[in-house]
Structure formats: structure tokens, C-alpha cells
Amino acid sequence: MAPPETNPTEVTMMNSIDRESVVRRHTVELTEADASCALTVGNGDFAFTADITGMQTFTAFHDQAAAHAERRLAVHTATMSTWGWHSMPNPDGFVLADAMSRYETARGPVEYPDRFDMAAMFGGEVPEEYRAGTWLHTNPHRLDLGRIGLVLRASPDAEPESDPTALRDPRQRLDLWSGVLTSVFEYAGAEVRVTTVADPHHARVAFRIESELLARGLAGVAVRFPYASDGFFTTSDWSAADRHTTTPERLDERGCLLRRVLDDSAYTVRLDWSQGTLAATDDPHAYELTNHGSTLEIVAGFSPEEGPEFGRDSFETISRAASAWWRAFWTSGAAVDFAGSTDPRAAELERRVVLSQYLTAVNCSGTRPPQESGLVTNSWQGKFHLEMHWWHAAHFPAWGRPELLERGLDWYLSILDTARATARRQHYEGARWPKHVGPDGRESPSDIGALLIWQQPHPLHLLELLHRGSDASERDQLVSRYAELVEETALFMASFVEYRDGRYHLPAPLVPAQEFYTAATTEDPTFELAYWWWGLEIAQRWRERLGLQRHEQWQQVQNGLPSPHQDGGRYTAIATEPYLRRDDHPSMLCALGVVPATPLIDAATMEATLLDVRDHWEWDSAWGWDFPAMAMTAARVGRPDLAVDALLMDTPKNRYLATGHCPQMGSVLPVYLPANGGLLAAVSLMTAGWEGADADCPGFPDDGGWSVRHEGFTVWP
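If you count the sequence shown from 1, position 24 lands on 22 in this note's numbering, and the numbers rise without skipping.
Right, dumping it as C-alpha cells:
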């Protein structure tokens, strides 16, 4: 129903949204094999990504297309986890000190691990001076735990089918409400139906395959294992069979363990099946399961331990558990319904919102921070980018699901000593958080990552959002649990500044969020100045919650931070020449948007900056999270029309596929979850508003085009 003329924007806060209808109208349906479209089932710590068959049948179709990144958008079909990692042998014994360069600073000479050349890696031979940095940058890397796919033959003696276009009338459906993936197609004159579900609590995936081809000996299931890859954007090496081992151990007639060893990494796969025979093939890392009935059920569980922590469960048991989990997910937390809007963009925004909730739950809610491409395919060797953690996960508490953020925050406690050691090496107090990192917390050499600073306040901001989104009964325990992390993070921030000219500056060397400035000369970036104030303010509030006085030195730093640099009544990116480049991230917008109002930022000046960015930025160079960032700024400065425009800007890196993914660089980065998480953060801010906002849904224009029904959101700071 269109909103009435007397109320141009219909806004309703209620507890009666038909959530199932909202979710189901965005069920994903695919009708052809497309290397760019792969669907994933998972639970935040484990995921299985399937091709058009609901399994990983046409591995080469996806992998080979992905290898030609500039020619074709494609995504791998991998099986990945938050715990599955591998390192190549290190015969030279490289350590972080081998990749250090010296910088002269006001604190004296400081060494940063910046000796890494990405261009050299892509160009072939790595120069001697970068060998240590290259090994340390690319290790450890995330493992593809294995591929499970159909074996289809046109006749009993034929080679397995390798061309997905041989399938007739493929139809694939991801039911977001239940987490069930159903794939149906015809091959060799018979229908094949595959149902795929992931266990919501363990690293397990289950399949039900229904087809007469099974009984005719024309269909089976292959389980195959690759070696690891330390390439930038690849998950697997299928050419190194002699570098890893797969050892089968039969449990009974319907189950076995497959023990995997790759150098110093080991894990176990448990296979259980309803009937049939599992046999080795000529490939030492491949097995084929055949069956003489028309239905075959398989459960595959993955474990880093000697033996899985789970026993035998049926497909039906796992399917019921998955459906129950997803129903609980969709019926808890927040919801927004744009039905009734007359703005033609409303349906697309709602589709992106629903799919982004699913994708971030599957990929970004685990016990470790996620990589940019989640558990779908490796980007940057599968390591986390901690400056992206906010974009992946800040939305969870805002959408009333704080537990999905909290799961990943304990990892910061696990690397606290390592972060302290980094700060001490650089003559700072507290703990300095890395940028590009694996599960052990050791930073990766990089001329950007080693000097980046905007990830530093992220744990504080995430904790503040978690505190706001948690029940009152849980907040005292939360404050106590993370008190040390907050203190150590703020100690570094307060010691990082440099006092001169009566102000506390963010000094060189540093790299700002817009990464293309010279580290040795860049100072006082606009976003980071505001974020430094806000991060220290959060730490002060944490002290007050503990019954402590505000920290005097931190307050001095807050009061003494300089106003950001301006040019023509608009904020620039940094306070040193060249002041502003108009490509990559318009990061200065984050100083009022991502960051709430602070004494450092004038709203009118930020509005002028926003308009200038809108009109003059090189938008083809922007990234997926830049559009939500711009939307948050627009909402906070009272320009909801620009907020919606930013979220739905038609530009290459802001396009969402049928799967909900937002590719950035062809097959180099075909999945980019900071865009999905950023979208959810922006929509929650635009809907729920923030403390002091004078209207409900302050991010949607009052132009008669929007009907916004919402419930369950947490108001932002």
C-alpha cells in the first residue's frame, strides 16, 4: 500500500513484521551454471560453497575461470573453516626482524616490517631483499579442506562429465529461511536432485542425492583433496600430489576417517553414508562413493583434532538442526520491511539487506575475525584485515544479534601479548593491533599494513556497540572481561600522538585509511583524528563503568587533538601535502558517520565535504564499503536523500550479484563482505538513528517514496 499523502514517509516501529515473508521473497534462484555465482551454506566457523549441482562437481569450471581474473568473474567452490591453516616450509628460518626497515621518528629510530613488494610477487622472481617479507606475508594461509562433488557419466565407460553445460534445465534454490540449498537438473535422461545443508554447530555438511542415475551406475560422489596454496587469491594447488598425504581409516561399512597431513598441518575428515561403497581411485587424494539405490545420503565432518568431536548423525538430523537455527536467526534481532514503498529502488535495497544478513552470518560470525572474502574463497591468503573487522561485524549488535560479534572478540585477548610486544618494539605503551594477520597474531610485512593505524580504535568501537546491544544483566561481566584489552588499546593510542605547537598530532610515519599517501610524511588524517578522540572517549567510559576516574593523560590528548585540515570549507583527507586525492576511499567522510559527533568535526563543513565527494570523486576506484560509509555520513548531517543515493549508487564496485555478493576486482576479489556488513551497518543507522537524532528513520528521505517498517534495532552512539 502506498504511504498516505499526509505522511510522506511512512515509518512504523512494530512487533508484527511478517519476517518469513520478507526473507522468502528474496530466496535465491539460479537457472544456469555461472562461474561467478556459487552458493554457500555454513555457520560462521565453517562453510561449504557449491556449484550449480549443490556440490563441488565442476571444480575446474570455477577454478580455471578464476585463474583468468581479468577476463572473467569467477569464484572458487571451496570448503573452508576458521581453524584450517597451513604454512609452507621455511628452510631459511625467516623471522619478522628479517623484513624490517628503519624509520627516523621523534621517538628515535624505529623499525617496521615493511619489506614486501606485491608487484614483485605478481611479476615472477622475488628480489632477495623481499624474500623474507614475502614468506612471512604469505604464511600462514587458509586451507581448502577438500571438495565433495558428483561424478556424472553419460555411459558406464565414459569419462566423468566436466562441462556444466551438459546439464539440462538446472534449477537451484537457496531457501534463506531454512538454510537449505536444493539443486535439480537433468543428465543422461534422468533427473538429479541434491539437497545440501550445513550443521549450525559443527564443521559438517550433509547431502541427500536422489536420482535413478545412482542405481544405473552413472552417478557417484567424489571426495578430493588438494595441496595448499600461498598465492594471493587462490585456495588450492592440484599439481602437488607428492607434498601431502591422505590416509583412510575405515570405521564400518558406512563410515570412515580420512586423515590429512600437509607439512606441519593436519586435520581429519569423517565420512558417513547411508549405503554404498567408498573406494580409492588412481589419484592418492581422491575417493569415489558408489551406490546401487536411487537415494544416497552423505555427511562429511571436518576436524582439526585426531578424531572429530562428533559421531554419526543422519542427513535428517542435521537438516532439522539447520532449519531450527536459521528460523531462530531470522525471528530474533532486528527486521526491516520496505514493502509499500513507491521508490523503485526499495525492493533492491531490501534484497541486499536480506542477503547480506545471510552472508555475514555464514561468513563473518565466527570465533576469529573474517577475511574479506569470508569462508568462500581466499583473498590475501585467507588472512584477516583487522581494519575491515568493523565493516564485517559492527552491524551484529545494531541488528540485535550481539552474540555474533562477541564470538570473534576473544581472539583479540589471545594475541594481546603479541600486540604489546609490537608496541614495545616501536617505543610505545599498550598494545598495537596488526593489520594483515593470521590466527597467531603475528603481523605480515607490508609497506601499508605495518604503518596503518585506523584499525587501532576498532576493538574499542566494536566493544562499545556490543555493550549497547547486550542485555543490562550482561554488561558488567562484559566490562570486566574486556577491561585489560580496552586499557592496553587506549594506552597505545595516547602514546602514539606527538605533542608540538600546543597540540597532540598523529605523526608520521603512518598510513591512513586512504592508503595511497607517503607514509614517511603523512600526518593528522581527518578520519583518524576523529576516531582517536572517539576511541579514547570509549576507553574513558569503560573506566567509569569500572568505577575508576577518567584517565587524565587520555583527556589531555582528547582535548589537544587538532582540528582536521580544511581546503575551501571542506575537509581534506590528510593535513600534509598533497592533502587530498580523489580516488580510492573518501575516508574523511568517516569522521562523522562511522564515528559519531565529536568536538573535532563541524557538521556543516562535513556536509560540504560530502557534496564535494559526491560530485567529484572517481567512483570507479571506490570500494564496496565506501558507499555505506557515505550513506552514514549523509544520514548524520541531515541529508537522507544522499544516504539512499549512496547505498544504491550504480557503479562497478557497488553491484550485488544474484547471490548477494559484491565483487570488487573480477576474480581477484569476487566476494567482498565488508560491503555486505557495511550495508547492514548503514541501514541500521538510517533506520534506528543515534542518540540525539530528532526523527525516526533519519536516513530515509521524507519524499513519499519510502515505507519503512522496523523492529528490534539498537540505537547507535
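Virtual Cβ for every residue (Gly too), placed ideally from N, Cα, C.
Q: Give the secondary structure of Ser377 by DSSP, where H, G and I count as helix, E and B as strand, and everything else as coil.
A: Residue state, collapsed to three classes: coil.
**Q.** Nearest-angstrom Cα separation, counted from Trp81 out to Arg366
**A.** One C-alpha to the other measures close to 9 Å.
**Q.** Endpoints, beta strand (DSSP E) assigned at Thr232
**A.** For Thr232, there is no enclosing beta strand (DSSP E), as DSSP gives it neither H nor E.
Q: Report, in whole angstroms, the separation of the C-beta atoms of Leu646 and Arg343, which I expect to be a contact under 8 Å.
A: Their Cβ separation, rounded to whole angstroms, is 5 Å, which keeps Leu646 and Arg343 in contact under 8 Å.
Q) alpha helix (DSSP H) containing Val351: first to last residue? A) For Val351, the enclosing alpha helix (DSSP H) stretches over residues Ala344 to Asn361.
Q: Quick one: give me the first and last residue of the alpha helix (DSSP H) that Tyr529 is part of.
A: That run of the alpha helix (DSSP H) goes Thr524 to Arg543.
Q: Have a look at the DSSP bridge pairing and note the partners of Phe44.
A: According to DSSP, Phe44 bridges with Ser79.
Q | The alpha helix (DSSP H) enclosing Phe494, as first and last residue numbers | A | Where Phe494 is concerned, the enclosing alpha helix (DSSP H) stretches over Ala481 to Phe494.
**Q.** Assumed close pair Arg422, Gln512 - CB separation to whole angstroms, cut-off 8 Å
**A.** About 29 Å separates the two Cβ atoms, so there is no contact after all.
Q: Rank His242, Arg169, Ser442 and Pro282 by C-alpha distance to the C-alpha of Asn137 and give the top, closest one.
A: Nearest C-alpha to Asn137: Ser442.
Q) Which of the three DSSP states, helix, strand or coil, is assigned to Asp692? A) In the structure shown, Asp692 sits in coil (DSSP, three-state: anything other than H, G, I, E or B).
**Q.** Assigned exposure category for Val706 - 16 Cβ within 10 Å defines buried
**A.** Buried, by the Cβ-count rule.
Q: On the DSSP bridge assignment, give the partners of Val149 in chain order.
A: Looking at the DSSP assignment, Val149 forms a beta bridge with Gly218.
Q. Taking C-alpha atoms, which residue in Ala31, Asp16 and Phe46 lies nearest to Val297?
A. When Ala31, Asp16 and Phe46 are compared, the shortest CA-CA separation from Val297 is found for Phe46.
Q: Pair every Cβ in the segment 375 to 384 with every Cβ in the segment 682 to 690, then say whether three or more of these pairs are closer than 8 Å.
A: No, the segment 375 to 384 is not in contact with the segment 682 to 690.
Q: With DSSP collapsed to three states, give me the class of Pro154.
A: Residue state, collapsed to three classes: coil.
Q.
On the DSSP letters alone, give me the boundaries of the alpha helix (DSSP H) that His614 sits inside.
A. According to the DSSP assignment, His614 belongs to the alpha helix (DSSP H) that extends over Ala601 to His614.
Q. Is the distance from the Cβ of Thr25 to the Cβ of Leu148 below 8 Å?
A. No.
Q. Should Ala117 be counted as a contact of the ligand COA given a C-beta to heavy atom distance under 7 Å?
A. As far as ligands go, the structure on display features none, and thus does not contain the ligand COA.
Q. Taking the alpha carbon of Trp552 as the point to measure from, which residue in Gly428, Thr75 and Arg399 has its own alpha carbon closest?
A. Nearest option by C-alpha distance: Gly428.
Q: Using the Cα positions of Ser585 and Leu608, report the straight-line distance between them to the nearest angstrom.
A: The C-alpha of Ser585 lies about 11 Å from the C-alpha of Leu608.
Q | Cutoff 8 Å; reference Thr293; Cβ partners in own chain excluding five residues on either side | A | Excluding sequence neighbours, Thr293 sits near Arg206, Ile207, Glu208, Leu212 and Ser272.
Q | Endpoints, the beta strand (DSSP E) within which Thr329 is located | A | Looking at the DSSP string, Thr329 is not in any beta strand (DSSP E); the run it does join, the alpha helix (DSSP H), is Phe313 to Thr329.
**Q.** Which residues DSSP lists as bridging Trp714, in chain order
**A.** Beta-bridge partners assigned by DSSP to Trp714: Trp688.
Q.
I'd like to check one pair, Ser665 with Ala72: are the Cβ atoms closer than 8 Å?
A. Going by C-beta atoms, Ala72 is nearer than 8 Å to Ser665.
Q) Quick one: what's got a C-beta closer than 8 Å to Gly718's C-beta in the same chain, skipping five residues either side? A) The structure shown does not extend to residue 718, since the chain spans only -1 to 715, so no value can be given for it.
Q: Kindly indicate which residue of Tyr110, Trp615, Glu370 and Thr649 has the alpha-carbon position closest to the one of Asp582.
A: The shortest CA-to-CA distance from Asp582 to any of Tyr110, Trp615, Glu370 and Thr649 is the one to Trp615.
Q: Could you have a look at Glu247 and say whether DSSP puts it in helix, strand or coil?
A: Reduced to three states, the DSSP call for Glu247 is strand.
Q: Examine chain C for any beta-carbon lying closer than 8 Å to the beta-carbon of Glu27, and answer yes or no.
A: Of the protein chains in this structure there is only one, and it is not chain C.
Q. So, using beta-carbon positions, are Leu508 and Val495 closer together than 8 Å?
A. Result no, Cβ atoms of Leu508 and Val495 do not sit closer than 8 Å.
Q.
At the level of alpha carbons, what is the spacing between Ala220 and Asp115?
A. Rounded to whole angstroms, Ala220 and Asp115 show a C-alpha spacing of 39 Å.
Q: Within the same chain, show all residues whose beta-carbon is closer than 8 Å to that of Ala320, passing over the 5 residues directly before and after it, in chain order.
A: Excluding sequence neighbours, Ala320 sits near Val39, Ser176, Gly177, Val178, Val195, Ala196, Asp197 and Pro198.
Q: Using 10 angstroms around the beta-carbon of Ala601, count the other beta-carbons present and answer buried if the total reaches 16, otherwise exposed.
A: Exposed.
Q | Strand pairing of Thr275, partner residues [DSSP] | A | Answer by DSSP bridge pairing, in chain order: Thr288.
Q | Option nearest Asp16 by Cα separation, candidates Ala333, Trp389, Asp341 and Ser354 | A | Taking only the C-alpha atoms, the option nearest Asp16 is Ala333.
Q.
Buried or exposed for Gln62, going by 16 or more other Cβ atoms inside 10 Å?
A. Using a 10 angstroms sphere on the CB of Gln62, the tally of other CB atoms stays under 16, which defines it as exposed.
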